[in-house]
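In this note's numbering, the protein residues as written are 1004 to 1393.
Ideal placement from N, C-alpha and C gives every residue a C-beta, glycine not left out.
First the structure, in the form of structure tokens, and then the observations on it.
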Amino acid sequence: MSTNHFETDAIRTQQPTTQYREHSVPLYLTSSFVFEDAEQARALFADEIPGNIYTRFSNPNNTEFIDKLCLLEGAEDGIATASGMAAMYLSMAALLRSGDHVVASRSVFGSTHQIFTVLFPRVGISHTYVDVNDDHSVWEAAIRPNTRMIFVESPSNPALDIIDLEWLGKLAASRNVILNVDNCFCTPYIQNPIRWGAGLVTHSATKFIDGQGRVIGGAVVGRKDLIKEVRYFARHTGPAMSPFNAWILSKSLETLAVRMDRHGENALKLAQFLETHPQVTLVKYPFLPSHPHFSLAKKQMKSGGGVVTFEVRGGIEQGRRFLNSLKMISHSANLGDVRTIATHPASTTHSKLTNAERAAVGITPGLIRVSAGLEHIDDIIADVKQAIES
1004 MSTNHFETDA IRTQQPTTQY REHSVPLYLT SSFVFEDAEQ ARALFADEIP
1054 GNIYTRFSNP NNTEFIDKLC LLEGAEDGIA TASGMAAMYL SMAALLRSGD
1104 HVVASRSVFG STHQIFTVLF PRVGISHTYV DVNDDHSVWE AAIRPNTRMI
1154 FVESPSNPAL DIIDLEWLGK LAASRNVILN VDNCFCTPYI QNPIRWGAGL
1204 VTHSATKFID GQGRVIGGAV VGRKDLIKEV RYFARHTGPA MSPFNAWILS
1254 KSLETLAVRM DRHGENALKL AQFLETHPQV TLVKYPFLPS HPHFSLAKKQ
1304 MKSGGGVVTF EVRGGIEQGR RFLNSLKMIS HSANLGDVRT IATHPASTTH
1354 SKLTNAERAA VGITPGLIRV SAGLEHIDDI IADVKQAIES
């Protein structure tokens, strides 16, 4: 374990310098690697020695990115993936077998919901959803003899529900199941699920880790024995991250701390403004005292993160007018960018859910998700204000 501070590890964790004495790690744009001799080739394929064989398996840029992320998350090992959803799928499919069962928080990203409800049933993997606000006894009762994993998002997308990770970690340990936490909204700078007992942590690195809307990527980090299974599954199915994307994401981690500080500062000020506006009927942000899990958020998160959700009086029609009236803020399905982004989850990211399924996780027809960017907060608030009032 490193004795450095987060910011130092994020900046100074690099691949060894080559004979060219570069200060910044170069791009290793190669599909394959040359063996020194036949014995080295044999030993590499037999996993007797570490080293690069083929970029689908490993690459110096990918290694640097994942080594850095593991250090920041407090994980033993990890693997980089082509996208966030590849990471979510790998973290479950690599460890689950036909007949296994998963307990999951009902409030999950739309594509994760499709994995549970459409893809996994095809191979005999079942699930039980539990509401975040359900009593602990409901979570305990949901675990069956064939339960292999608990999967949660905290905060959830887009409802911003907070789950007690410490309690879940103890429950998972007592029942000998894997706790798998999607840490996308927080990043390792704000929250470390492994500290609370998670065996696996998944990321869509496309979001705040990249931070500028440039590349797609994901990661799974956690216990070494679990990552060994994930790596085997990935090696033979091929969802490898591009070395170029890994190079970008490793560089992005160098500025993660300063960016997340500003994202959180702007998001909190935006949420506070929205709470005072007469045309806003609902505001949800983890570090607002009005959030139902405010004390829990303060316990396990360094800040409230960069995402705010709210609803304008008048429901979905007023929500559409709000989005169409924005002048500076981007209307996009992404989040975690330096540019502030507004999204309508019911018609985009969570559109594949039924009306009842959306209602069950707090996604009302007029709900707006805002990813607070790094622009000046006065300009963000001014655009939101004029869009609401127009």
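- Following the DSSP letters along the chain, one finds Arg1178 inside the alpha helix (DSSP H) bounded by residues 1168–1178.
- An exposed status is given to Glu1025, since fewer than 16 other beta-carbon atoms sit within 10 Å of its beta-carbon.
- Contact between the stretch 1143–1159 and the stretch 1100–1115 is present: three or more C-beta pairs spanning the two stretches fall below 8 Å.
- Excluding five sequence positions before and after Ala1089, the CB atoms of its chain that fall closer than 6 Å to its own CB belong to Gly1221, Pro1242, given in chain order.
- The criterion of a C-beta distance shorter than 8 Å is not satisfied by Thr1205 and Val1218.
- In the pairwise beta carbon analysis, the stretch 1054–1074 is classified as touching the stretch 1251–1263: at least three pairs are separated by under 8 Å.
- Less than 8 Å divides the Cβ of Val1105 from the Cβ of Arg1151.
- Remark: C-beta atoms of Gly1202 and Gly1225 approach each other more closely than 8 Å.
- Only residues of its own chain outside the window of five on either side were considered, and among them Val1028, Glu1067 have a CB closer than 7 Å to the CB of Gln1017, listed in chain order.
- The C-beta separation of Leu1182 from Ala1175 comes to about 4 Å, placing the pair in contact by the 8 Å criterion.
- For Arg1151, the uninterrupted beta strand (DSSP E) run begins and ends at 1150–1156, by DSSP.
- Per DSSP, the unbroken alpha helix (DSSP H) holding Gly1318 starts and ends at 1318–1328.
- Sixteen is the threshold: when 16 or more other Cβ atoms of the shown chains lie within 10 Å of the Cβ of Asn1248, as they do, the residue is buried.
- Spatial neighbours of Ala1096 in its own chain (CB-CB distance under 7 Å, excluding positions within 5 residues in sequence) are listed in chain order as Phe1236.
- Taking each of Asn1136, Ser1298, Ser1177 in turn and checking the Cα distance to Pro1148, the smallest one comes out for Ser1177.
- Taking 8 Å as the cut-off, the beta carbon of Gly1318 is found closer than this to the beta carbon of Pro1368.
- Under the 8 Å Cβ criterion, the stretch 1262–1281 does not count as touching the stretch 1115–1129, having fewer than three qualifying pairs.
- Proximity to Asp1103 across Phe1119, Gly1214, Leu1370 peaks at Phe1119, based on C-alpha coordinates.
- Val1133 is bridged by DSSP to Ser1108.
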